[in-house]
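Participant: The structure follows.
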């Protein structure tokens, strides 16, 4: 946690030189949160990652909230590593460093004589992590990449969205964050190797692999069962029957997600509790009270007609309540597997995060933003 | 063969489903010995989840379970049984790291929580991962990653502005959270090496997930702006989206991020005059006229296969990529060169492709998958006898009294 003194941090002040951009900057932040001494190296004029959203919507690199969110717990310098003087300063810094993080196009750092093979000559145990869209070598290593192309190369994007429109990403790009987090894990794995052997090494992180990783069982569903999953919008489609099982319902102020399923636990108890609640409030028709969730609402036997009737009935109930009413009464008190479809306001006002002191206010020049702090470690 | 990084590190993995098991995999893939503790009376959710090899649901034929658990040993202990706790303690005493993903309070109920364990093993590293943390007004919240993706904000910003949210597929946060848990364990190992002390790592999956949304959260907290779902669009960039190609449900993404790429794009579609049109001259102009621009792009992409369009764009220097379907991922030559999928023979499922967990290659100690996912209870003998030093008689007695489980009660069910 940020208020911990250095001696209470999990990590010693390993020196990290962070030359990454975009979401990849999260990797250095996580190491900084854990106690590392992270130095963000920007080119003169500032990084291209000082992007929107901006503080008070003032389009100024000094006011990029994206930048602040991913660079807390770091120190910052500007250095032109492309010219000789800057390169010399960088190499002097490398001799004091444990870890280098970079996300340039493969070959860029080597072109400046600052690649792994160059730097391990002057700092043999350096741990050097390189993030790129497809990895440092191979057919696509020099592809032009972006957050969107990285996401598309993983197979996961194909499964997201409505069936009658194009696949969609998440409206706030994610691939860089995965890659940054992977870099941090890779670096700490290499650090373990360094304790054992004294050796540093190079780490080659692929954003494509990061974009493959959210796939749940979709890849195997094709490889093992030869079923090509089609995106289904806000419902589950049972592969062998094609029946649409609804898990999103309108309520007074938005949408609520209910894992409205039968067949086995924990869904039987959850769906049973929902019907009981609707019954208490006089909103469960008799046929719904008598529905056998184990037999008639399991994936193997569910009929579309029943799924549609259940959806209409449940939604007439959820429409009488707010997201928060359903959340507190339904999930926390009654143990129904449901969740509000939260927006950024809902999350910012969440009482659980407040009770656990998740947010920490940090003063910064003229800005006083609220920055999310990292995972806490108990010691 | 070079020694793997985590050879000699021992993990007693009490976790189930996705988050905990994927966390321990980061260490298994680099040599750690991971023993997964399961039970026939309460199958790991994923053993009941499709797809099943040969289309035959058995506890050992789910490749969803398989994908998550290669390189692990599996023992089956009934923790509800009076003697189950004794076996669990033997494993805990053997281990460096304990991981669990039960609802808060479950391990305490069994007397296996961190406070108990640290009394005997002050150097233990103990991970508890759950939905919303072990304390606070919502700590009792019991749910799945399929729920967490919604309260963590990802659903609200996925899909089209004129439609209800389209939801990132599946339990998205389940795939975000293992990374934070694994990093916590590695940091705790570093701390233990220097101080000799263990520690408790408590993960609220809600809190970890929000690191992937920090800027939009600040945008609300600082500016009062609530980010909305917006298809595939990105502020400041156009064209930027997914466009239809020839064939059935084939798509390409194209993202033009600056003026140079815009010039390249106009060359690529053989329409250099377009780059001179004032409606599209600057990124700002292209954003204002993005709907019209998207129609122009679509008219071009529809004339090509996704593969051909990707090649044309990339040759011209425009970021573009076919939206891979699952089969494309298996056939991708880039992933093949990185040995991302490892074919291994599984005793029940036959040969299957197991995929890597870590998305990085260490130059001197690369990731490895050596063994397929374990069958239920497959390593009872190996673990209790070879790793824990129990006698054949003791093991036989535990099988007879039901502490070590061997049979499923109530038959095989399919959940997902």
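Residue numbers (this note's numbering), protein chains in the order written: chain A, -18 to 360; chain B, 31 to 446. Glycine residues also receive a C-beta, built at the ideal position from the N, C-alpha and C atoms.
(1) Closest Cβ-Cβ distance between residue 435 of chain B and chain A: below 8 Å?
(2) Determine the chain B residues that contact residue 326 of chain A at a beta-carbon separation under 8 Å, and present them in chain order.
(3) Could you run through the segment 293 to 321 of chain A and flag, in chain order, every residue whose CB is less than 8 Å away from some CB of chain B?
(4) Any beta carbon of chain A sitting closer than 8 Å to that of residue 322 of chain B?
(5) For residue 331 of chain B, which of B:75, B:274, B:152, B:372 has the nearest alpha-carbon?
(6) Does DSSP classify residue -5 of chain A as helix, strand or coil?
(7) Around the Cβ of residue 385 of chain B, are there at least 16 other Cβ atoms within 10 angstroms (buried) or fewer (exposed)?
(8) Taking Cβ to Cβ, would you say residue 186 of chain A is nearer than 8 Å to residue 389 of chain B?
(9) Just to confirm before moving on: does the CB-CB distance between residue 136 of chain A and residue 153 of chain B stay below 8 Å?
(10) Is the segment 139 to 147 of chain B close to the segment 210 to 222 of chain A, with three or more CB pairs under 8 Å?
(11) Taking residue 121 of chain A as the query, report the chain B residues whose CB atoms sit under 7 Å from its CB, ordered along the chain.
(12) Within this structure, are the beta carbons of residue 188 of chain B and residue 198 of chain A separated by less than 8 Å?
(13) Identify every residue that forms a DSSP beta bridge with residue 233 of chain B.
(14) Going by DSSP in three states, residue 297 of chain A sits in which element: helix, strand or coil?
(15) Rounded to whole angstroms, what is the Cα-Cα separation between residue 229 of chain A and residue 33 of chain A?
(16) Looking at the secondary structure, which residues open and close the beta strand (DSSP E) in which residue 375 of chain B lies?
(17) In angstroms with no decimal places, state the Cα-to-Cα distance between residue -18 of chain A and residue 159 of chain B.
(18) Using 8 Å as the Cβ pair cut-off and three pairs as the minimum, do the segment 330 to 346 of chain A and the segment 165 to 175 of chain B touch?
(19) Judging by CA-CA distance, which residue of A:290, A:253, A:259, A:296 is the nearest neighbour of residue 275 of chain A?
(20) Pull up the distance between the alpha-carbon of residue 266 of chain A and that of residue 93 of chain B, whole angstroms please.
(21) Consider the Cβ of residue 273 of chain A: report whether some Cβ of chain B lies at a distance smaller than 8 Å.
(22) Going by the beta-carbon positions, is the gap between residue 220 of chain A and residue 318 of chain A smaller than 8 Å?
(23) Using the C-alpha atoms, what's the distance from residue 442 of chain B back to residue 87 of chain B?
(24) Straight-line CA distance for residue 28 of chain A to residue 161 of chain B?
(25) Let me know if residue 66 of chain B comes out buried or exposed under the rule of 16 or more other beta-carbons within 10 Å of its beta-carbon.
(26) Leaving out five residues on either side along the sequence, give the residues of the same chain with a beta carbon under 6 Å from the beta carbon of residue 329 of chain B.
(27) Can you pull out the residues from the segment 248 to 259 of chain A whose beta carbon lies closer than 8 Å to at least one beta carbon of chain D?
(28) Below 7 Å on C-beta distance, what does residue 89 of chain A contact in chain B?
(29) Is there a Cβ of chain A sitting closer than 8 Å to that of residue 413 of chain B, yes or no?
(30) Would you mind giving the Cβ-Cβ distance between residue 133 of chain A and residue 299 of chain B, rounded to the nearest angstrom? I have them listed as a contact below 8 Å.
(31) What in chain B is Cβ-close to residue 268 of chain A, meaning under 7 Å?
(32) Would you kindly check if the distance between the Cβ of residue 60 of chain B and the Cβ of residue 433 of chain B is under 8 Å?
(33) Examine chain B for any beta-carbon lying closer than 8 Å to the beta-carbon of residue -4 of chain A, and answer yes or no.
(34) With distances taken from CA atoms, which of A:96, A:8, A:104 is nearest residue 74 of chain A?
(35) When we look at the beta-carbon of residue 176 of chain A and count the other beta-carbons within 10 Å, is it buried (16 or more) or exposed?
(36) Using 10 angstroms around the beta-carbon of residue 190 of chain B, count the other beta-carbons present and answer buried if the total reaches 16, otherwise exposed.
Facilitator: According to the structure data:
(1) no
(2) 250, 256
(3) 308, 312, 313, 316, 318, 319, 320, 321
(4) no
(5) B:274
(6) coil
(7) buried
(8) yes
(9) no
(10) no
(11) 364
(12) no
(13) B:159
(14) helix
(15) 31 Å
(16) 371 to 376
(17) Any reading at residue -18 of chain A needs caution, since the residue's pLDDT is 33, under 50, leaving its predicted position unreliable; the model's value is listed next. Distance between the alpha carbons of residue -18 of chain A and residue 159 of chain B is about 18 Å.
(18) yes
(19) A:253
(20) 40 Å
(21) no
(22) no
(23) 7 Å
(24) 36 Å
(25) buried
(26) none
(27) Annotation note: the requested chain D is absent from the structure, which comprises protein chains A and B.
(28) The premise fails here: residue 89 of chain A is roughly 16 Å from chain B at the closest Cβ pair, so nothing lies under 7 Å.
(29) no
(30) Actually they are not in contact, since the Cβ atoms of residue 133 of chain A and residue 299 of chain B sit about 19 Å apart, beyond 8 Å.
(31) Neighbours of residue 268 of chain A on chain B: none; closest Cβ ~25 Å, over 7 Å.
(32) no
(33) no
(34) A:104
(35) exposed
(36) buried
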